[in-house]
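Below is one structure, written out as structure tokens; comments come after it.
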């Protein structure tokens, strides 16, 4: 009787869910690590090998957390390009009397528009819907014995009003409440 060699195939079994198993005729069983690939640029691939008696899940993925550098940046994830950062647009907070800017800590900050008068005889204010408007400054005399006016460079000023008697038979004096008063001189 003739004897023949019988070769039995070796079955290679992966040690966990993160390895594959194959047989290399030169060395026998080999266990290369599984290559896990994320489904898109917004996910990170990893492998769960399992632990103890808990069977591993193999290739898994978790979402990538895109973080903004500060309060003036928005972070989002694009499936093709991954994390994207765009500046915060504060313009929606602006109106005729307010500007908006972005502070890295506080985010959008609203500030009043600075209205500047053309000269010292104008007052500049901001009116909703219109923006900066100018009105004439009202200069008031300190009493009835003084006049008041405005100089474009220096603003309001006042002077003493002269009280003049109409003739030699009268005197004129200024009362701070009623102004010039003329009295007859008894002759």
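Residue numbers (the working numbering): 2 to 188. In this text, a Cβ means the ideal position worked out from N, Cα and C, and glycines have one as well.
Inter-residue spacing [alpha-carbon to alpha-carbon] between residue i and residue j
{"i": "residue 34", "j": "residue 5", "result": "38 Å"}
{"i": "residue 239", "j": "residue 133", "result": "Residue numbering for the chain in the displayed model covers 2 to 188; residue 239 lies beyond these limits and cannot be assessed."}
{"i": "residue 163", "j": "residue 135", "result": "33 Å"}
{"i": "residue 31", "j": "residue 50", "result": "17 Å"}
{"i": "residue 80", "j": "residue 108", "result": "27 Å"}
{"i": "residue 121", "j": "residue 175", "result": "30 Å"}
{"i": "residue 93", "j": "residue 111", "result": "10 Å"}
{"i": "residue 87", "j": "residue 58", "result": "36 Å"}
{"i": "residue 177", "j": "residue 144", "result": "5 Å"}
Three-state secondary structure assigned by DSSP to residue i
{"i": "residue 93", "result": "helix"}
{"i": "residue 125", "result": "strand"}
{"i": "residue 49", "result": "strand"}
{"i": "residue 76", "result": "strand"}
Nearest candidate by alpha-carbon position, reference residue i, set the options
{"i": "residue 125", "options": "108, 98, 62", "result": "98"}
{"i": "residue 184", "options": "178, 173, 177", "result": "173"}
{"i": "residue 25", "options": "36, 19, 12", "result": "12"}
{"i": "residue 123", "options": "151, 114, 88", "result": "151"}
{"i": "residue 46", "options": "168, 61, 56, 57", "result": "61"}
{"i": "residue 90", "options": "96, 102, 83", "result": "102"}
Residue i - partner residues in DSSP beta bridges
{"i": "residue 102", "result": "110"}
{"i": "residue 24", "result": "30"}
{"i": "residue 63", "result": "45"}
Extent of the continuous beta strand (DSSP E) to which residue i belongs
{"i": "residue 147", "result": "147-152"}
{"i": "residue 130", "result": "Per DSSP, residue 130 belongs to no beta strand (DSSP E) and is neither H nor E."}
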